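Student: Note that the protein sequences, when read in sequence, are chains R and U. By the numbering used here, the letter at position 283 of the first sequence is numbered 313, and the numbering carries on one by one without gaps. By the numbering used here, the letter at position 72 of the second sequence is numbered 102, and the numbering carries on one by one without gaps.
Number of protein chains: 2
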Amino acid sequence: MELDERKTVILKAIIKNYLETGEPVGSRTISKYTDLNLSSATIRNEMADLEELGFIVQPHTSAGRIPSDKGYRFYVDSMMQEHEKEVEQLKDVLLEREEKLDHMLKQAAKLMAVNTNYATMVTAPRNSRNTIKFLQLSRMDDAHILAVIVIEGNVIKNTVIDVEEALNDETMLKLNILLNTHLNGLSAEEINLGLISSLKQQAGMYGPIIAEVIDAVAETIKEDEDLEIYTSGTNNIFKYPELSDNQKASDLINAFEEKQLLTQLIDDTNEEGSDEIKVYIGEESPIQTMKDCSIVTANYEFGDGMRGMIGIIGPKRMDYDKVVGTIKTIKSQLDTMYRKDEK
Amino acid sequence: MELDERKTVILKAIIKNYLETGEPVGSRTISKYTDLNLSSATIRNEMADLEELGFIVQPHTSAGRIPSDKGYRFYVDSMMQEHEKEVEQLKDVLLEREEKLDHMLKQAAKLMAVNTNYATMVTAPRNSRNTIKFLQLSRMDDAHILAVIVIEGNVIKNTVIDVEEALNDETMLKLNILLNTHLNGLSAEEINLGLISSLKQQAGMYGPIIAEVIDAVAETIKEDEDLEIYTSGTNNIFKYPELSDNQKASDLINAFEEKQLLTQLIDDTNEEGSDEIKVYIGEESPIQTMKDCSIVTANYEFGDGMRGMIGIIGPKRMDYDKVVGTIKTIKSQLDTMYRKDEK
DNA sequence: ATTAGCACTCGACGATGATGAGTGCTAACG
DNA sequence: CGTTAGCACTCATCATCGTCGAGTGCTAAT
């Protein structure tokens with residue numbers, strides 16, 4: 031059996047209607063809803079076919095039909111090519127505030143949540159090029175030294191180092207030169223044991239300080255391992271009855287709190303490295319607890335090789351059209367942010 | 031009518047039983063539950079008295095009784111003096127990891143959540159003494175200067191400042207000296223417009239840089255306004271049926287996500303500045319959406335005049351005993367943390 | 001190929017009644 | 001006089017049952 035023109039129209043009508051109501055949709059509804067001028071009986075025949083083809087299912091005999099995962103997939107695929115919708119009003123909101131990165135990302139998450147009424151997430155960009163850009167020790171007071179480490183992409187890290195006795199200016203200068211000449215421009219892999227012990231040796235009695243600095247460097251570089259994830263609109267899931275029974279809601283809320291669980295999503299999104307928007311429907315989701323949801327994700331590129339992810343999570347009957355539009359807008363905002371920031 | 035000895039025993043028995051089961055408790059249960067050897071009929075008479083006194087209420091005729099807010103309050107008050115319970119096993123867990131502050135606080139929140147099965151929150155310490163301890167400008171590359179600001183309590187802030195053209199070492203040194211001699215040890219209030227314009231004047235053509243630094247200083251000092259709040263165990267609320275109907279759950283989850291809402295709690299806790307543990311029962315809560323909950327909070331002091339708050343939020347029938355114990359332990363851990371950190 | 005018609009299915013809903021936990025009151029008891 | 005047994009009464013809960021209606025599949029007519 032083929033999926034001919036008419037079946038396609040009917041299938042889309044079924045899905046669209048279901049997205050709006052959340053109720054199984056019957057043949058009579060479609061008969062009136064479309065301008066095909068077909069009686070409910072004809073629709074019923076077609077629906078039987080569509081069910082056989084696996085695009086729709088009946089929750090129970092003598093209920094209407096609801097889309098299967100395959101049905102949603104079909105809908106999304108055909109929608110994605112159809113139009114390049116725009117959600118203009120979002121454009122400027124993000125740019126208004128020239129705040130620090132984390133504020134901005136938090137804002138982005140909230141913006142998406144408000145706009146779509148689904149749960150959203152934004153990860154901080156993680157830097158793929160982890161080279162040291164700048165290193166500096168300063169004397170804070172007699173007992174403490176402040177170490178500032180800047181790595182590519184302007185991720186900055188501070189560490190306070192305790193010292194036994196005050197260091198004079200000359201020593202500080204010496205240490206600074208030592209560190210910068212040897213470590214500048216290096217990546218995590220390039221800082222090996224040989225280099226470290228060589229540095230310590232050259233620092234003489236100040237070896238322990240060097241060691242602490244290098245520890246801090248290591249920590250800074252690996253910081254993206256427990257990377258920041260901002261979420262928003264978590265409680266939107268209560269708006270969709272199919273997700274808000276206690277067990278499911280609890281699992282979902284938990285997934286959003288234990289942000290580690292969301293990292294699976296990130297890996298999956300990053301993996302293919304593509305610039306496309308991804309849609310996971312139901313069982314396609316890499317996160318087991320979200321098999322009743324659909325997830326839409328995209329990567330953004332923050333310049334300097336730093337990439338992050340944005341995502342929206344909602345019920346399977348989400349408004350794919352709007353969600354994809356929103357994601358696209360936010361993505362392009364974040365993509366261009368870096369350049370604009372540099373002015 | 032008086033609250034005599036026997037009534038007290040019965041009241042406590044009712045509350046204790048209700049805390050365990052979550053069900054209204056009847057006279058027969060109490061008759062067997064206590065070792066008073068009274069028949070259910072007698073208990074009924076006493077219960078009628080207790081209801082008249084306002085300690086317990088009937089959800090509907092011919093259901094058992096449940097504690098009123100006043101009843102909980104009585105129970106908590108009498109319990110608080112009774113014993114100084116200890117939760118030893120928590121002691122060391124926190125100290126194991128010598129991580130950065132935010133990790134530690136996150137950990138503390140999680141620890142409390144796991145230990146009590148309620149929702150928990152921990153705020154980062156906010157510094158009451160906001161004086162500048164250390165200031166430094168460094169040249170990162172030709173187009174960027176890195177400003178590092180340290181304020182009392184070792185809160186550190188970095189800002190990258192764009193410059194039109196490279197500054198030479200001598201200029202950098204001059205600016206550093208200028209900033210440090212004039213700003214060191216000052217608080218936000220003391221940095222007034224006169225001082226700022228005087229500084230700008232002295233900096234000559236580098237006035238704009240000074241301006242940016244001062245902006246960053248301001249931002250650092252006021253940073254405690256949108257202060258970090260760590261939460262954990264949010265989804266524990268699903269474990270308590272009385273909180274997990276959709277409307278209430280949604281409101282609560284929302285309160286935990288929009289962390290601003292929790293700040294009311296902080297203000298309230300800080301206000302009296304006392305070192306006590308506070309218990310808010312039902313309507314006593316400063317947060318309207320939590321009027322079906324109880325909240326237990328305490329302040330901790332992180333040295334250098336920095337104080338933060340920890341809190342546990344659960345159903346009114348929470349295990350006050352355990353919660354207060356847990357809070358006490360975590361509080362004392364955090365209180366002593368600073369000193370131990372200094373070694 | 002389409003449609004009208006019809007018998008059939010099945011969940012949702014409301015009414016109904018039984019069950020049982022729990023109460024308040026009264027009268028008897030030690 | 002405090003305590004208790006007993007009893008009538010209340011009320012939430014739960015299962016049962018019939019009704020209703022949306023929706024289906026099939027068949028026969030167009």
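Beta carbons: idealized from backbone N, C-alpha and C, even for Gly. It should be emphasised that the depicted structure is a prediction, and the values quoted were computed from it without experimental measurement.
Per DSSP, which one or two residues make a beta bridge with glutamine 166 of chain R?
Tutor: Counted from its first residue, the first sequence places residue 166 of chain R at position 136. Partner(s): R:Val178.
Student: Apply the 10 Å Cβ neighbour rule to isoleucine 207 of chain U and answer buried if 16 or more other Cβ atoms are within range, or exposed otherwise.
Tutor: The residue labelled residue 207 of chain U in the question sits at position 177 within the second sequence. Classification of isoleucine 207 of chain U: exposed, given that the 10 Å Cβ count is below 16.
Student: List, in order along the chain, the chain U residues whose C-beta lies closer than 7 Å to that of glutamine 166 of chain R?
Tutor: Here residue 166 of chain R refers to the residue found at position 136 of the first sequence. Here the neighbours are Ser168.
Student: Return no unless some Cβ of chain R is closer than 9 Å to the Cβ of valine 123 of chain U.
Tutor: In the second sequence, residue 123 of chain U corresponds to position 93, counting from 1. Caution applies to valine 123 of chain U, whose pLDDT of 42 falls short of 50 and renders its modelled position unreliable; the model cannot decide the point.
Student: Nearest by alpha-carbon distance to asparagine 147 of chain R: which of R:Asp297, R:Ile267, R:Gly338 is it?
Tutor: Here residue 147 of chain R refers to the residue found at position 117 when the first sequence is read from its first residue. Of the candidates R:Asp297, R:Ile267, R:Gly338, the one whose C-alpha sits nearest the C-alpha of asparagine 147 of chain R is R:Ile267.
Student: Answer yes or no: does any C-beta atom of chain R fall closer than 9 Å to that of threonine 59 of chain U?
Tutor: Numbered from 1 along the second sequence, position 29 holds the residue referred to as residue 59 of chain U. No, threonine 59 of chain U lies away from the interface with chain R (no Cβ there is under 9 Å from its Cβ).
Student: Using a Cβ-Cβ cut-off of 7 Å (strictly less than) and excluding sequence neighbours within five positions of aspartate 365 of chain U, which residues of its own chain qualify?
Tutor: Numbered from its first residue, the second sequence carries residue 365 of chain U at position 335. Hits under 7 Å: Tyr330, Glu331.
Student: Between the Cα of phenylalanine 85 of chain R and the Cα atoms of R:Asp65, R:Pro345, R:Ser227, R:Met31, which residue gives the shortest distance?
Tutor: Numbered from 1 along the first sequence, position 55 holds the residue referred to as residue 85 of chain R. The shortest C-alpha separation from phenylalanine 85 of chain R is found at R:Met31.
Student: Which residue spans inside the region 262 to 322 of chain U form an unbroken alpha helix (DSSP H) run of at least 4?
Tutor: If we require 4 residues or more, the alpha helix (DSSP H) runs fully inside the region 262 to 322 of chain U come out as 276 to 287, 290 to 301.
Student: Under the rule that 16 or more other beta-carbon atoms within 10 Å means buried, what is lysine 361 of chain U, buried or exposed?
Tutor: What you label residue 361 of chain U is simply residue 331 of the second sequence in a count that begins at 1. Buried.
Student: Any contact of the region 349 to 363 of chain R with the region 133 to 151 of chain R, i.e. 3+ C-beta pairs under 8 Å?
Tutor: Touching, per the Cβ criterion.
Student: What does glutamate 287 of chain R reach in chain U if we use C-beta pairs closer than 9 Å?
Tutor: In the first sequence, counting from the first residue as 1, residue 287 of chain R sits at position 257. Those within 9 Å of glutamate 287 of chain R in chain U are Thr261, Ser262, Gly263, Thr264, Asn265, Phe286.
Student: Output the distance between the C-alpha atoms of serine 61 of chain U and glycine 52 of chain U, rounded to the nearest integer angstrom.
Tutor: Residue numbering aside, residue 61 of chain U sits at position 31 when the second sequence is read from its first letter. Residue numbering aside, residue 52 of chain U sits at position 22 when the second sequence is read from its first letter. If you take the alpha carbons of serine 61 of chain U and glycine 52 of chain U, they lie about 18 Å apart.
Student: Are the region 272 to 291 of chain U and the region 203 to 221 of chain U in contact at 8 Å, needing three or more beta carbon pairs?
Tutor: Output reads no: the region 203 to 221 of chain U does not touch the region 272 to 291 of chain U.
Student: Over what stretch of residues does the alpha helix (DSSP H) that includes arginine 374 of chain U continue unbroken?
Tutor: With chain U running from 31 to 373 in the structure shown, residue 374 of chain U is simply not present.
Student: Interface residues of chain U around alanine 8 of chain R at Cβ under 9 Å?
Tutor: There is simply no residue 8 of chain R to check, as chain R begins at 31 and stops at 373 in what is shown.
Student: Do serine 315 of chain R and isoleucine 325 of chain R count as a contact pair if the criterion is CB distance below 9 Å?
Tutor: To locate residue 325 of chain R, count along the first sequence from 1; it is residue 295. To locate residue 315 of chain R, count along the first sequence from 1; it is residue 285. Yes, Cβ-Cβ distance for isoleucine 325 of chain R and serine 315 of chain R is below 9 Å.
Student: Compute the Euclidean distance between the alpha carbons of threonine 250 of chain U and serine 217 of chain U, then round it to the nearest angstrom.
Tutor: Locating residue 250 of chain U in the second sequence gives position 220, where the first residue counts as 1. Locating residue 217 of chain U in the second sequence gives position 187, where the first residue counts as 1. Whole-angstrom Cα-Cα distance: 11 Å.
Student: Would you mind reading off the limits of the beta strand (DSSP E) that contains threonine 153 of chain R?
Tutor: Numbered from its first residue, the first sequence carries residue 153 of chain R at position 123. Looking at the DSSP string, the run of the beta strand (DSSP E) that includes threonine 153 of chain R is 149 to 153.
Student: Closer than 7 Å by beta-carbon distance: list the chain R residues that pair up with serine 280 of chain U, in chain order.
Tutor: As a working mapping, residue 280 of chain U is identified with position 250 in the second sequence. Per Cβ cutoff of 7 Å: Asn265, Phe268.
Student: Between aspartate 171 of chain U and chain R, is there a C-beta pair that is closer than 9 Å?
Tutor: In the second sequence, the residue the question calls residue 171 of chain U occupies position 141. Yes - at least one Cβ of chain R is within 9 Å of the one on aspartate 171 of chain U.
Student: Is arginine 74 of chain R near the ligand NAD, in the sense that its beta carbon is under 8 Å from a heavy atom of that ligand?
Tutor: The ligand content of the structure shown is nil, which means the ligand NAD is not present either.
Student: List, in order along the chain, the chain R residues whose C-beta lies closer than 9 Å to that of isoleucine 317 of chain U?
Tutor: Numbered from 1 along the second sequence, position 287 holds the residue referred to as residue 317 of chain U. Result: empty, since nearest Cβ-Cβ is about 15 Å, beyond 9 Å.
Student: Which residues in the same chain as threonine 319 of chain U place their Cβ atom closer than 6 Å to its Cβ, once the five residues preceding and following it in sequence are excluded?
Tutor: In the second sequence, the residue the question calls residue 319 of chain U occupies position 289. Closer than 6 Å at Cβ, skipping near neighbours: Asp281, Ala285.
Student: Determine, using beta carbons only, whether isoleucine 342 of chain R comes closer than 9 Å to chain U.
Tutor: Taking the first sequence and counting its residues from 1, the one referred to as residue 342 of chain R is at position 312. Isoleucine 342 of chain R does not count as touching chain U.
Student: Should valine 191 of chain R and glutamate 258 of chain R be called a contact, given that it needs their Cβ atoms to be closer than 9 Å?
Tutor: For the purposes of this step, residue 191 of chain R is taken as residue 161 along the first sequence, with counting starting at 1. For the purposes of this step, residue 258 of chain R is taken as residue 228 along the first sequence, with counting starting at 1. Looking at the sequence itself, residue 191 of chain R is isoleucine, so the reference to valine does not match. No, they are not a contact pair.
Student: Helix, strand or coil for asparagine 145 of chain U, going by three-state DSSP, please let me know.
Tutor: Mapped onto the second sequence, residue 145 of chain U falls at position 115. Helix at asparagine 145 of chain U.
Student: What does glutamine 176 of chain U touch in chain R if you count any residue whose Cβ is under 8 Å from its own?
Tutor: Stepping through the second sequence from its first residue, residue 176 of chain U is reached at position 146. Note that residue 176 of chain U is leucine in the sequence shown here, rather than glutamine. In chain order: Phe164, Gln166, Val178, Val180, Ile186.
Student: Run through chain U and tell me which residues come within less than 8 Å of asparagine 145 of chain R, C-beta to C-beta.
Tutor: The count along the first sequence starts at 1 and reaches residue 145 of chain R at position 115. Those within 8 Å of asparagine 145 of chain R in chain U number zero; the least Cβ separation is about 16 Å.
Student: If you run the structure through DSSP and keep just helix, strand and coil, what is valine 243 of chain R?
Tutor: Sequence index remark: in the first sequence, residue 243 of chain R carries index 213 (1-based). It is helical.
Student: Note down, in chain order, each residue of its chain lying with its Cβ closer than 7 Å to the Cβ of alanine 139 of chain R, except the 5 sequence neighbours on either side.
Tutor: Position 109 of the first sequence, counting from 1, holds the residue named residue 139 of chain R. Cβ within range, chain order: Thr150, Met151, Val152, Tyr260, Thr261, Ser262.
Student: Show which residues of chain U have a CB atom less than 7 Å away from the CB atom of asparagine 276 of chain R.
Tutor: By 1-based counting over the first sequence, the position of residue 276 of chain R is 246. Phe268, Ser274, listed in chain order.
Student: Residues in its own chain within less than 6 Å of lysine 121 of chain R by CB, not counting five upstream and five downstream?
Tutor: As a position in the first sequence, residue 121 of chain R is number 91, starting the count at 1. Note that lysine 121 of chain R scores a pLDDT of 41, beneath 50, so its modelled location is shaky and nothing firm can be said.
Student: Using DSSP bridges, identify the partner residues of lysine 187 of chain U.
Tutor: Here residue 187 of chain U corresponds to residue number 157 of the second sequence, with the count starting at 1. BP columns for lysine 187 of chain U point to U:Ile179.
Student: Smallest Cα separation from glutamate 97 of chain R: which of R:Ile311, R:Gly355, R:Met235?
Tutor: For the purposes of this step, residue 97 of chain R is identified with residue 67 of the first sequence, where counting begins at 1. Sequence check: residue 97 of chain R is proline here, not glutamate. Among R:Ile311, R:Gly355, R:Met235, the Cα nearest to that of proline 97 of chain R belongs to R:Ile311.
Student: Measure how close the beta-carbons of arginine 156 of chain U and arginine 337 of chain U come, nearest whole angstrom, since I'm counting them as under 8 Å.
Tutor: Numbered from 1 along the second sequence, position 126 holds the residue referred to as residue 156 of chain U. Numbered from 1 along the second sequence, position 307 holds the residue referred to as residue 337 of chain U. Between arginine 337 of chain U and arginine 156 of chain U the Cβ distance is about 7 Å, and since that is below 8 Å, they are a contact.
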